[in-house]
Every structure is written in structure tokens, then in C-alpha cells.
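Structure first, then comments.
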Amino acid sequence: MTTKPKANRYRIRRGVGTVSQTGQADAAEVAQDADAGAPDQTGQTVQDTAQNSANTQNRPLNPLEEMAAGPQEDGLPPTPRVRVQRGTNPTGGDEAADIDMVRQEGLTARQLRMARRVAQKHGIQAEDDHEAVYRLRQAGIDPFKRANMLELVEGEGDRNAANLPQPAVQPSAPAPGVMDAAARARSVMDIQQDIARRRRRNLRMLLLRLAFFVVLPSIVAGYYYFNVATPMYATKSEFVIQQADGAGGTGAAGLFAGTGLASSQDSIGVQGYLTSREAMLRLDRDVGFKEHFSDPSIDVVQRLDPDASNETAYKVYRKRVKIGFDPTEGIIKMEVIAASPEVSEQYSKSLIAYAEERVDNLTQRKREDQMQGALDSYEEAEAEMLAAQDRVLKLQEDVGVFDATSDASSLMSQINTFELQLQDKRLRLDQLLDNANPNQARVDGVRGDIARLETLIAELRGKLTDTGGENGSLASISGQLRIAQTNLETRTLLMQQALQQLEVARIEANKQTRYLSTNVSPVAPDQPTYPKAFENTLLAFLIFSGIYLMLSLTASILREQISS
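Under my numbering, think of the first position of the sequence shown as 13, with each following residue one higher.
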């Protein structure tokens, strides 16, 4: 950025002389002010200003001008004051109407402030800013001229310099170094030519820097992409990991069965596996990944060294195998890039086969654990059932009772039979005793039968509840057998449930719960996909332009900080 140079205005102090000398100094000052305030004006403007100042030398001075021409306390040459009488209009028109016309011009606040300052400098008294504009125009002064604004700023510098020590006054010495109009015009032209030369030099340097830092690297990049880069072929494919319908379960898990949300973890796991070093090493071992990209026909930028390490090969693998996962649909998109379309298709098929094998192995351990758990449960239930059955058998052998319930039923039936016979004998005894002279032999026989039946019934009842025997009572034996048989029935039921779970686990283990479905099969392209010469060249140009812009801004900021 070039800053327009500013010409300094020098004021040479003069002593109190004749009126003609003061007029000449004022004319020189007016010409010099015109040169300093408006360096871009032509030499004709400077000559006109000097001519106007020279014309003022021949007119007589009024008392106010004589007072202004006197010596000032700061030693600077006097400034002519212009006073305009209020209420008078040189053109003969209405002054209030002219001021109203100035108000109707729509001047901005900044322009009005400029006019007020210019009026104050020239000693023009005005009640408001619009009247100051009108008075300045009546005095022949443009209130919005740039030269007037520069004079105001330089006038402030002159007032600040009034307090500095001044050299001795030379009343009659002419102003040294006073340039005439032609020399001043030549100086202005030299300044303008110097500014133009510097602008042309800066423009040439800018174009040279742009050509060296932006255009030349972009041309080199474009030449590489269009003429040197080896064409690469990309094979695209899509596949999705789905869940079996019967393995979804119930509840919230069953709502997402068969969708991408149900198998998102599996898809992310497969994506991580395909982008891992393990997949790269397996691909190199099966189809020769390093060997293909180490082919001398590939350009030196994209070529892989024959003795490259696995880490370097893995970097190339990450650039050539691009895998993306869409979480909303659960689709895995894969793009495999190679120097040959056939090799690219082969790599894609191999990676899909690796992914399918990985999906099959994701639930293998889970299925094996479920199968083993079901088998262990069945074996344990079977062992418990056999143990319960052995206990029942041993108890039957020890007590000599096959079925305590049937034995008890048999005893009860015998007891009931003997009790019926007992009641019949008692009735016959009562019948015999009803005779006046009963047959004593028959009576004694019936009483003996009754006694024998009562004894037999008591013995039979003793077998049911008597605990004094070797094996205890039939009731205790029946209770032990019933407990053992109940335990046997329970263990048998548990064994049946374990057997059912074993069958279910065997069915689930044999059924595939996750499977990979290929939506877009890999097909070898017939035209090279990469490099995209125009897009890459344009991107390189934008990158170099951004780098140059940042460096140039940094350098400009540093220069500004150092200079300040």
C-alpha cells in the first residue's frame, strides 16, 4: 500500500516592512499553500493562485489590513482577515433567501463542521453553519476544498510551533528559497512521477511474487496431475450387516431387529477391522498389496518402495482403501483404488470376504458358550436324577417294600375284612346269648373266634404304626419312599428342561445370527478415476494463494510493528 506524500509548508519569518513587502510575502504564502494543500493540481492552478496574490499587492490597505499586517507575537507572517458585513449581499439578492437555499442543499454534518472551521480560520463571523457556508462562498472561498482542510491542519501545527525559540529577525532580507511558479510546478510533477514509478515498481514486485509463490507451484502441480501422475482405478461397493429375524428377541430389542441400529456395533467393528493393519497384512499375504504398489510403472510420488516397512505400506493402504459407514441406514461403503482395474476389483472382493468371515466369527464364541452351558446343565440334571433314582431303589431294598402305598392299602383291606368278620361273630354271640339255655360249646367257640379276630386286627394295625420293628413302621417307610420318589420326579423334570434347552442351543448354534449382505457388488471400472487433474490443480492454486496471503499479511504486520 502506497501512501500519498505530503509536502511540508515552511513559513519564513519576516520583519515589519513596507506594505509592498508584506503583500509580496502574502502572495508567496498563498502560492506555497496552494502547492502544499493540493499537490495533485496542475501548474495552471498554482500560477493562478500566485497571480491573484500578486494582484493584491497593488491595492491600498484598509485600516483592518494594516493592523493585521503589523508584527505578531509568534514571529510568523500575518494572515489576511476577511470580514463580510452582515445584511449586505454583493449580488443584490435577498440574504435570508440565499441562506435558506443553502439549507435546502442537504449538507451533511461533517461538511457543516468543515465550513465552520474554515470560516473561523478566515475570521468570518456567522451565527450558524449554513450562514458560514454562505459567507465563505460570498468571500470566494470553497468551504469543502481539500486544500483548505490541509491548511487548517497545518495551521494547528504552526500554532504549536509558536512557542519554540525563533531566530533573529531580518526585516529587509528577502525570503530565502522562495520558488517561483514554474519551479513549484516542476516539483509537483516530479513528486507525481516518483509516486507513479513507485506504484509501477510495487506492482511489478507483486506480480513477480505471485508468479513465483503461486503461479509457478500451481503450474508444476498441474503438470504433474496432467502428464506425470499414474492413473488410478477405483472400485466401489456397498454391503450391510443384518441380524436374523429369530434372534431379535422381544421388547425393545425386537423393535430394531433387522435395522441398522440393531447391527451398528457389528458394522463399526467390521469397518475398524477393514481399516486395520491386520487386514492390510492379510491382503498383502493373499494377493500381494506391497508388490502391486511397488511396480516401477507407477510414478515416483505414488510408488511404494520394494523394501518398505509395514507402517509405510499401511499409510498407503489407508489412502487406497476408503471405508465409510452410514449410521442411519447401517450401510458400509467401500472404495478400493489400484493402478489396474482388475487388481482393484480383486482387492474389493477379498476385503468383502474378510468382512464376511469376521461377521461370522463375531457371535461364534457366544454361540459356543451358550451350547456349552446348556450341555453342562443337562449333564448335571441327569446326574441328579440318577442319584435320586438310586436312593429310591436302595430304600426299597433296605426296607423290603416295593411300594409302601400298595402295602398299606393291602393291610388296610385285610383289617377291614377281619373287622367285618369280627362284627359278624359278635352278632352270632349276641344271638346265642339271647337263648335261655344257650349251647355253651357254641358260645365258647364264637368267643374264641372273636378273640382271635381282635388279636389279628391289632397285629395288622401294629404293622402300620408300630416303630419297634427292624425297619420301622410302614408309615415311616411310606414317608421315606414318598420323599425319595418326589425328589426323583423333580430331578426327572429338571433333566427334561435341560434337555430341551440343549436342543434349543444346538439349533441356535447351527443357525447364523449375523450375515453380510452385499448391496453393490464390486465391478472393475473401464476408465481411470484418479487423479482429478483440473480439480486438484485448482485446489493447489487455492492452497498456494492462501499460504501467500497469510505470509504477506504477517510480513506487513511485522513491518508495521517494527516501523512504529
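Heads up, the beta-carbon is just placed ideally off N, CA and C, and yes, glycines get one too. On a predicted model such as this, the values are computed, not experimentally measured, just so you know.
Give the straight-line distance between the Cα atoms of residue i and residue j, rounded to the nearest whole angstrom.
i    : j    : result
Q97  : A109 : Only weak support is given to the placement of Q97: the predicted model assigns it a pLDDT of 43, under 50, and the question is left unresolved by the model.
A151 : L563 : 54 Å
P339 : F224 : 47 Å
S568 : R210 : 17 Å
K334 : I343 : 14 Å
A208 : K157 : 24 Å
F553 : S309 : 28 Å
I231 : P155 : 56 Å
I280 : A325 : 23 Å
T504 : Q512 : 13 Å
L363 : L295 : 8 Å
V240 : E547 : 16 Å
L561 : L550 : 16 Å
E303 : K345 : 26 Å
S199 : R212 : 20 Å
L407 : Q492 : 8 Å
D372 : V535 : 24 Å
I203 : A197 : 10 Å
E572 : L119 : 37 Å
I462 : V455 : 11 Å
Y366 : A233 : 38 Å
L293 : L570 : 51 Å
L228 : L218 : 14 Å
D112 : Q205 : 45 Å
D402 : E471 : 32 Å
E466 : T502 : 43 Å
As a quick exercise: from the options, pick the residue whose alpha carbon is nearest that of residue i.
i    : options                : result
Q497 : E396, R526, N548       : E396
D140 : V114, D154, R212       : V114
T242 : K544, I569, I559, F553 : K544
Y542 : A448, E303, V348, A517 : V348
Q283 : E117, F305, V312, E368 : E368
S356 : T504, E394, S533       : S533
D319 : V313, S306, R571       : S306
T247 : L444, T502, Q382, S360 : S360
V404 : R494, L444, M292       : R494
A386 : E572, D278, I519       : I519
E354 : L119, E143, D538, Y146 : D538
S352 : V227, P540, R221       : P540
Q376 : L218, Q132, Y527, V130 : Y527
L577 : P450, F238, A144       : There is simply no residue 577 to check, as the chain begins at 13 and stops at 576 in what is shown.
A291 : L423, R370, Q426, R122 : R370
How is residue i classed by DSSP in three states: helix, strand or coil?
i    : result
V156 : The sequence given here places Phe at residue 156; Val does not occur at that position. Coil, per DSSP.
L528 : strand
E117 : coil
T566 : helix
E572 : helix
D278 : helix
Q255 : strand
E396 : helix
L561 : helix
K345 : strand
F556 : helix
G336 : strand
S230 : helix
T504 : helix
A241 : coil
T541 : coil
S199 : helix
A517 : helix
T247 : strand
A108 : helix
A496 : helix
What does the Cβ neighbour count give for residue i, buried or exposed, with the cut at 16 atoms within 10 Å?
i    : result
I574 : exposed
I5   : Nothing can be reported for residue 5, as the shown portion of the chain is limited to 13 through 576.
E117 : exposed
F201 : Before going further, note that residue 201 is Met rather than Phe in the sequence given. By the neighbour-count rule (16 or more Cβ atoms within 10 Å), M201 is not buried but exposed.
R289 : exposed
Y245 : buried
Y235 : exposed
M126 : buried
S249 : buried
K437 : buried
Measure the beta-carbon distance from residue i to residue j and round it to whole angstroms, keeping in mind my assumption that it falls under 8 Å.
i    : j    : result
Q255 : T530 : In fact, because the Cβ distance is near 16 Å, the residues do not count as touching under 8 Å.
A521 : A393 : At roughly 20 Å, the Cβ-Cβ gap does not stay under 8 Å, so A521 and A393 are not in contact.
L441 : R459 : 6 Å
L434 : I469 : 7 Å
Y390 : L514 : 5 Å
A400 : L500 : 4 Å
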